[in-house]
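Colleague: Submitted below is the structure of interest, expressed as structure tokens.
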Amino acid sequence: MLAPSVRGALFLCAFLQLFPLPGGQVPTCQEVRTVFQSLHPGSKWVPETPVSGADLQVCQTKGPTCCSKKMEERYQVAARSNLESGLQVVSAQLKRLIIQNAAIFQGKQ
């Protein structure tokens, strides 16, 4: 399961609707770049302007997207790392609880 922040960034990346901007401005991927950088995978994988995204597996969209194949790969690495670190924290807490209860149980016998 992906962390909420990673899911949110993937959602932003995948479903960023690119509407024509006022004054004929070219849409950029700056907002996606900012979110992607905040998650620490690195913003260099974010395209400057929207791309087709035909090769994407997670950030699939019908129109142009600010998500690249390399971004998907980096998100997967970040999500895996996030999940593993969360499991390690919970496992350590569980281990400590088991040790404490075992000590209490052994002391009562």
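Residue numbers for the sequence shown, in mature numbering (1 follows the signal peptide of the UniProt record, and there is no 0): -24 to -1, 1 to 85.
Glycine included, every Cβ here is placed at the ideal spot set by N, Cα and C.
Owing to the predicted nature of the structure, the values given are computational and were not obtained by experimental measurement.
1. Assess, as a yes-or-no matter, whether the region 36 to 47 is touched by the region 7 to 17 under the definition of 3 or more beta carbon pairs within less than 8 Å.
2. Helix, strand or coil for T10 per DSSP?
3. Take Q82 and list the residues in its own chain whose beta-carbon comes closer than 7 Å to its own, dropping the five residues that flank it on each side.
4. Measure the Cβ-Cβ separation of E48 and V27 and say whether it is below 8 Å.
Modeller: The answer reads as follows:
1. yes
2. In the sequence shown, residue 10 corresponds to position 34, counting from 1. Looking at T10 - three-state DSSP - the assignment turns out to be helix.
3. Looking up residue 82 in the sequence shown gives position 106. Excluding positions up to five away in sequence, the list is empty.
4. Translated into positions along the sequence shown, residue 48 becomes position 72. Translated into positions along the sequence shown, residue 27 becomes position 51. In this structure, V27 does not lie closer than 8 Å to E48 by Cβ.
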